[in-house]
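Chains as they are written, first to last, in my numbering: chain Z, 1350 to 1629; chain P, 1350 to 1629; chain G, 1350 to 1629; chain E, 1350 to 1629.
C-beta atoms are modelled at their ideal positions from N, C-alpha and C, and glycine is treated no differently.
For clarity, every value in this text was computed on a predicted model and none was experimentally measured.
Number of protein chains: 4
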Amino acid sequence: MKNRTDLALESSEFVNGKELGGVRKKEKRSDKTLVTEIEIISDEASKRIGKPKGRYVTVEMTELSCDSELVDDRLFSLKAELERLIPGGDGAVLVAGIGNEEITPDALGPECMKSVFPTRHIDSQLASDIGFDGLRPVCALATGVLGQTGIETGEIIKSVVDSVKPVAVILVDALASSSLKRLGKTVQITDAGITPGSGVGNARKEISERTLGVPVIAIGVPTVVDADTISSGEEADSGDMMVTPREIDVIIHRAARLVALALNCALQPEIDPEILLSVV
Amino acid sequence: MKNRTDLALESSEFVNGKELGGVRKKEKRSDKTLVTEIEIISDEASKRIGKPKGRYVTVEMTELSCDSELVDDRLFSLKAELERLIPGGDGAVLVAGIGNEEITPDALGPECMKSVFPTRHIDSQLASDIGFDGLRPVCALATGVLGQTGIETGEIIKSVVDSVKPVAVILVDALASSSLKRLGKTVQITDAGITPGSGVGNARKEISERTLGVPVIAIGVPTVVDADTISSGEEADSGDMMVTPREIDVIIHRAARLVALALNCALQPEIDPEILLSVV
Amino acid sequence: MKNRTDLALESSEFVNGKELGGVRKKEKRSDKTLVTEIEIISDEASKRIGKPKGRYVTVEMTELSCDSELVDDRLFSLKAELERLIPGGDGAVLVAGIGNEEITPDALGPECMKSVFPTRHIDSQLASDIGFDGLRPVCALATGVLGQTGIETGEIIKSVVDSVKPVAVILVDALASSSLKRLGKTVQITDAGITPGSGVGNARKEISERTLGVPVIAIGVPTVVDADTISSGEEADSGDMMVTPREIDVIIHRAARLVALALNCALQPEIDPEILLSVV
Amino acid sequence: MKNRTDLALESSEFVNGKELGGVRKKEKRSDKTLVTEIEIISDEASKRIGKPKGRYVTVEMTELSCDSELVDDRLFSLKAELERLIPGGDGAVLVAGIGNEEITPDALGPECMKSVFPTRHIDSQLASDIGFDGLRPVCALATGVLGQTGIETGEIIKSVVDSVKPVAVILVDALASSSLKRLGKTVQITDAGITPGSGVGNARKEISERTLGVPVIAIGVPTVVDADTISSGEEADSGDMMVTPREIDVIIHRAARLVALALNCALQPEIDPEILLSVV
């Protein structure tokens, strides 16, 4: 495929015009967001689109929130979509930030972990005493990448899952898009799992319900367009190049905060978002 | 004990004057280092000194190396002591950087992981092709701290040990000293394991050969003196205060680089230190 | 004086018990702040207290604001005190962040400059078009320190003042306190100018209305206690040591944001604080 | 011009094929570098190439140095070219790092200032005492950008020049190239001055011998290709996009260190490069 993308929304558009059997698509619009849900049902559609079967919810925003405007329509839209995909109840949840914090456009996952509210170590009596009744146990782990650790991301997560025994795993990762205009403004949520590094040409082991044994929800924000998606007309090794907005550092920071707060709200529905915002 | 310290060298000095039964002590001096090995043999000595039984090697330097002077006597002295404690052979080794990278004096462990050379994922044929014959498999993991992850440091390490099955675990951590003059200039290496957070008053679960099932080597550099070790004469909550050198950011960076390079050299004895220095 | 401090509030307390001729002192209390204004009137009082003549307003808070709670009583209290000291009107103002951004407790000034809203380059027609009528021209400069630049802080500021010709200069700097309990929770505002480095034992050239020719307002937050203020009982070079809270990185970030937003509000009284918060 | 570039070497190639009157071009090759000097002599050639008259020395390397290999052919080649352009003698030199440290590919200038050795404040007697006889006075200033300070970069530099009165000004800045393969591997040195921001479409005031009154040497490393230089085939606002290598953070760090050390060597010819490397 010429136009490499991690967004099912884009992949499915490339096969547009053809009969889209095996795919269901729904749209809903709020004040500042457009939410599109694509469900890939048949093996044939999965193969044609190049994505595993499952649900892919894409939340497109006019622009990303900033620190002082986190609590608005964008947050509540993301929260609502997350709540639909994350198993409810009070079972422990493991959130894993994937990616390399030393490469700015890949740092979304680790940066997001700085604002996810870990609660598994908070004694329930203590939680109750400080007015946090019914706190759901949450773990937050920045996994690093294979080149930093020597361990596959999926292997680290599997190890911790075996020990922590969460009822669901949530992955946060930076994505590649084929479109400049979606960078930093779109969030994809899927229950189909991911294959880290597949977005940048080097596929690692799949991380999914199939490999971990519990539901896996992956949240991603596109932060780069591969340079060879754009025709460079040059014989250089553009495979190591990326196209990214000039203000990428700010975008990563804002997207990481937004995703983290939406997660905190979806995981702790009984606590006021403003209070969650103040603890992380 | 009034003078809280993570250094066995200091703890054993506090009981000085008394009979030091159950403790062996040796010193050797090189150009820029003084190496003291203390072995706590008896349960009674362990209790009196307040440290688990085991070997504690303290490498004291006149000053820490800088980037342009890494390969000298200090490095080789550290390397030699590490080689004596780390099991030899070609079995996999897991290096874990402990501590909070967002609190400067506690960031030694995570900072060090940036320069440890992970090799477990490098195919031996590829390694051989690029002249790295006999590369020992090494993993490097920054574990985060309980308040960031919701998971005990020891639990994360145990999980990964169960999966990676290393022949030894090496921990890197910042320590507290009771002496201002040792900050940033001393490295302690021990086979007695550690209890993360014990140095700052909140003990977590022990991480040791007993809990992990493989030899555990802990490497630490003192970066703070607790404010209540120094008599503050004030009724404030000095327990949350620390005394640290003004240039702590530089010290952490240099100490992390030095420890990482010494580890890389000790773990890959067949590779030239200058080459190891250029790959991380 | 044994207890070194940059806070006039503390200096004047040390001479307590004696007759405090030449000093006026007023207190007012709000919900979350205690504001004390000390005016040193006579040369004799100046000499006795060890501070230049002038007004020193100290705003003490129960705790520093966090990102999600910036707009409250603490902000408005700071804003009100700043408005009393900063010359009104629409003349240009130069804000200078003093200190070394690579030494965490000294990074308050440079960190604060990241959130001060510079406006001098914004065309008034453009400002009006986007609803920012009556924007006062503001410049924001992180000066670095002598060891980084080879130029005295005061010389850089004087150079820029000669070119920009502001009606007032505002300095933001980290201070030393003699009390652990004031670190990160107190803001001092003074019209008496400062002598950079005097707080850490190496006095540089004075920066004041006398040397710059326009009113100089200095804003400072204590972030360290000198280690020799606390009796260390050790012969080490504690002059290079400091006592600082463990969470100093967070404190610097919050204090810098609070001071910056209070400045933005005081300098642009016609613009809604919430909007100012969203532009920086 | 379709192919926007800050490199005179590339600009002059675009007009290739035509008669290159008014331009002199010389090449010399060393072990790891290719040095090309282009001199634009006539107004007509200046207009045709789109660069001011002057000398443009381009040092192309097979790859950038890393920390452990700084002192080699690349360094000495850069040093030699700098020495040919920087006025000799012992007059003070002002080095200014231009660009925005918060936008990674634009951070070359400020990052470089962290390693330039400032000496103007070092007393000559003290310098002599520590074996640094004949130290030339050097100042190093990170100017920030207009959006951060509200002051034109050229205005800040002019202010400081009026006060410090250096015999030459050296500017360090990130550049745009039209070629992916030159990113991070090429250094341009010119005596023709610069116009900050011209490389990214928003020209600010010229900074040159004409505006400052002393010789101005500009040193630049290309770190981005504008996204519209590459044909994007998309209607998005690619003007805010850039193409940059994935490892841009590492490249900026290495290039900044290399340029700084070459400058330190060229400005302090009597001091051993290894010693200069250890002081910054």
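Per DSSP, the bridge partner or partners of E1409 (chain E) | In the fourth sequence, residue 1409 (chain E) corresponds to position 60, counting from 1. Its beta-bridge partners are E:L1383, E:T1535.
For C1488 (chain E), which residues does DSSP report across the bridge?
-> One-based indexing of the fourth sequence puts residue 1488 (chain E) at position 139. In the DSSP output, where bridge partners are listed per residue, C1488 (chain E) has E:L1443.
Measure the alpha-carbon distance for G1548 (chain P) versus R1603 (chain P) and round it to whole angstroms.
-> The residue labelled residue 1548 (chain P) in the question sits at position 199 within the second sequence. The residue labelled residue 1603 (chain P) in the question sits at position 254 within the second sequence. Model confidence at G1548 (chain P) stands at a pLDDT of 48, short of 50, so the residue's coordinates are unreliable; what they give is reported in the following sentence. C-alpha separation (whole angstroms): 22 Å.
May I have the straight-line CA-CA distance separating V1509 (chain Z) from A1491 (chain P), to the nearest angstrom?
-> Stepping through the first sequence from its first residue, residue 1509 (chain Z) is reached at position 160. Stepping through the second sequence from its first residue, residue 1491 (chain P) is reached at position 142. In this structure, the straight-line span from the alpha carbon of V1509 (chain Z) to that of A1491 (chain P) is close to 14 Å.
Straight-line gap, E1501 (chain G) to A1489 (chain E) (C-alpha atoms, nearest Å) | Translated into positions along the third sequence, residue 1501 (chain G) becomes position 152. Translated into positions along the fourth sequence, residue 1489 (chain E) becomes position 140. Straight-line Cα distance between these residues: approximately 12 Å.
Contact list for the segment 1450-1484 of chain P against chain Z, Cβ threshold 7 Å | P1467, T1468, R1469, H1470
Chain G partners of T1498 (chain E), CB-CB under 7 Å?
-> Your numbering for residue 1498 (chain E) matches position 149 in the fourth sequence. Chain G residues near T1498 (chain E): P1467, C1488, A1489, L1490.
Is there at least one Cβ from chain Z nearer than 8 Å to P1622 (chain E)'s Cβ?
-> As a working mapping, residue 1622 (chain E) is identified with position 273 in the fourth sequence. Cβ-Cβ to chain Z under 8 Å: no for P1622 (chain E).
Stretch-stretch touch, CB-based, cutoff 8 Å, three pairs: the segment 1468-1476 of chain E with the segment 1593-1600 of chain E | no
Among the residues of its own chain, which have a CB less than 6 Å from the CB of I1479 (chain Z), if the five just before and after it don't count?
-> Taking the first sequence and counting its residues from 1, the one referred to as residue 1479 (chain Z) is at position 130. In its own chain, leaving out the 5 sequence neighbours on each side, no residue places its CB closer than 6 Å to the CB of I1479 (chain Z).
Could you tell me whether any Cβ in chain P is nearer than 8 Å to the Cβ of R1595 (chain G)?
-> For the purposes of this step, residue 1595 (chain G) is taken as residue 246 along the third sequence, with counting starting at 1. So yes, R1595 (chain G) belongs to the interface.
Specify whether the segment 1405-1413 of chain E and the segment 1530-1538 of chain E touch according to this definition: at least 3 beta carbon pairs, one from each stretch, less than 8 Å apart.
-> yes
Name the residues in the segment 1423-1435 of chain Z whose C-beta lies less than 9 Å from a C-beta of chain E; which are they?
-> none
Delimiting residues of the alpha helix (DSSP H) encompassing R1606 (chain Z) = If you number the first sequence from 1, residue 1606 (chain Z) lands on position 257. Secondary structure note for R1606 (chain Z): its alpha helix (DSSP H) is the uninterrupted segment 1597-1616.
The alpha helix (DSSP H) with G1493 (chain E) in it runs from where to where?
-> Stepping through the fourth sequence from its first residue, residue 1493 (chain E) is reached at position 144. Premise fails: G1493 (chain E) is in no alpha helix (DSSP H) and is neither H nor E.
Within this structure, are the beta carbons of E1623 (chain E) and V1420 (chain E) separated by less than 8 Å?
-> Counting from 1 along the fourth sequence, the entry for residue 1623 (chain E) is found at position 274. Counting from 1 along the fourth sequence, the entry for residue 1420 (chain E) is found at position 71. Cβ atoms of E1623 (chain E) and V1420 (chain E): closer than 8 Å.
May I have the straight-line CA-CA distance separating P1467 (chain G) from S1464 (chain E), to the nearest angstrom?
-> Residue 1467 (chain G) sits at position 118 when you count from the first residue of the third sequence. Residue 1464 (chain E) sits at position 115 when you count from the first residue of the fourth sequence. Their Cα atoms are separated by approximately 28 Å.
Pick out whichever of G:V1592, G:A1615, G:L1520, G:I1566 has its Cα sitting closest to the Cα of G1446 (chain G).
-> Taking the third sequence and counting its residues from 1, the one referred to as residue 1446 (chain G) is at position 97. Closest option to G1446 (chain G), Cα to Cα, is G:L1520.
Measuring only between beta-carbons, confirm whether K1507 (chain P) sits less than 8 Å from chain Z.
-> As a first step, residue 1507 (chain P) must be located in the second sequence, where it is residue number 158. Yes, K1507 (chain P) lies at the interface with chain Z (some Cβ there is under 8 Å from its Cβ).
Please state if the CB of P1454 (chain Z) and the CB of S1526 (chain Z) are separated by a distance shorter than 8 Å.
-> Locating residue 1526 (chain Z) in the first sequence gives position 177, counting from the first residue. Locating residue 1454 (chain Z) in the first sequence gives position 105, counting from the first residue. Cβ atoms of S1526 (chain Z) and P1454 (chain Z): not closer than 8 Å.
Compare the C-beta of D1421 (chain E) against all C-beta atoms of chain G and say whether one is closer than 8 Å.
-> The residue you call residue 1421 (chain E) lines up with position 72 of the fourth sequence. So, not an interface residue.
Is there at least one Cβ from chain Z nearer than 8 Å to V1592 (chain E)'s Cβ?
-> In the fourth sequence, the residue the question calls residue 1592 (chain E) occupies position 243. True, the Cβ-Cβ gap to chain Z drops below 8 Å.
Can you tell me which of G:P1515, G:F1481, G:L1358 puts its alpha carbon nearest to the alpha carbon of I1387 (chain G)?
-> Taking the third sequence and counting its residues from 1, one reaches residue 1387 (chain G) at position 38. That would be G:L1358, whose Cα lies nearest to the Cα of I1387 (chain G).
8 Å Cβ cutoff, G1562 (chain G) in contact with chain E = By one-based count along the third sequence, residue 1562 (chain G) stands at place 213. Taking 8 Å as the CB threshold, G1562 (chain G) stays off the interface with chain E.
Return the bridge partner residues of P1594 (chain P) from the DSSP annotation.
-> If you number the second sequence from 1, residue 1594 (chain P) lands on position 245. G:M1590, per the DSSP bridge assignment.
Of all Cβ atoms in chain G, is any one closer than 8 Å to the Cβ of G1446 (chain E)?
-> The sequence position of residue 1446 (chain E) within the fourth sequence is 97, counting from 1. Answer no: the Cβ-Cβ gap between G1446 (chain E) and chain G never drops below 8 Å.
D1355 (chain G): first and last residue of the uninterrupted alpha helix (DSSP H) it sits in | Locating residue 1355 (chain G) in the third sequence gives position 6, counting from the first residue. Note, D1355 (chain G): premise wrong, no alpha helix (DSSP H); not H, not E.
With a cut-off of 8 Å, does the C-beta of E1619 (chain P) fall near any C-beta of chain G?
-> Taking the second sequence and counting its residues from 1, the one referred to as residue 1619 (chain P) is at position 270. Residue contact check for E1619 (chain P) against chain G: no CB pair falls below 8 Å.
In three-state DSSP terms, what is A1517 (chain G)?
-> As a first step, residue 1517 (chain G) must be located in the third sequence, where it is residue number 168. The answer is strand: DSSP assigns A1517 (chain G) an E or B state.
Beta-carbon separation (whole angstroms), V1442 (chain Z) vs R1485 (chain Z), contact threshold 8 Å = By 1-based counting over the first sequence, the position of residue 1442 (chain Z) is 93. By 1-based counting over the first sequence, the position of residue 1485 (chain Z) is 136. Yes, V1442 (chain Z) and R1485 (chain Z) are in contact; Cβ-Cβ is about 7 Å, under 8 Å.
Does any C-beta atom of chain P lie closer than 8 Å to the C-beta of L1529 (chain G)?
-> Working through the third sequence from its first residue, we reach residue 1529 (chain G) at position 180. It does: the Cβ of L1529 (chain G) has a partner Cβ on chain P nearer than 8 Å.
Measure from the alpha carbon of L1616 (chain Z) to the alpha carbon of each residue in Z:I1390, Z:I1538, Z:G1440, then state which is nearest.
-> Reading the first sequence from its first residue, position 267 is the one you call residue 1616 (chain Z). Ranking the options by Cα distance to L1616 (chain Z), first place goes to Z:G1440.
Sorted by chain position, which residues of the same chain lie with C-beta nearer than 6 Å to A1541 (chain G)'s C-beta, five sequence neighbours on each side aside?
-> By 1-based counting over the third sequence, the position of residue 1541 (chain G) is 192. Hits under 6 Å: P1401, G1403.
Spell out whether any CB of chain E is found under 8 Å from the CB atom of L1626 (chain G).
-> Sequence index remark: in the third sequence, residue 1626 (chain G) carries index 277 (1-based). Chain E contact via Cβ: absent.
For G1550 (chain G), which residues of its own chain have a beta-carbon under 6 Å away from its beta-carbon, when the five flanking residues on both sides are left out?
-> Reading the third sequence from its first residue, position 201 is the one you call residue 1550 (chain G). Unreliable placement is indicated for G1550 (chain G), whose pLDDT of 44 sits below 50; no coordinate value is reported for it.
If you draw a straight line from the alpha carbon of G1503 (chain Z) to that of I1435 (chain E), how long is it in whole angstroms?
-> Your numbering for residue 1503 (chain Z) matches position 154 in the first sequence. Your numbering for residue 1435 (chain E) matches position 86 in the fourth sequence. Their backbone Cα atoms lie some 54 Å apart in a straight line.
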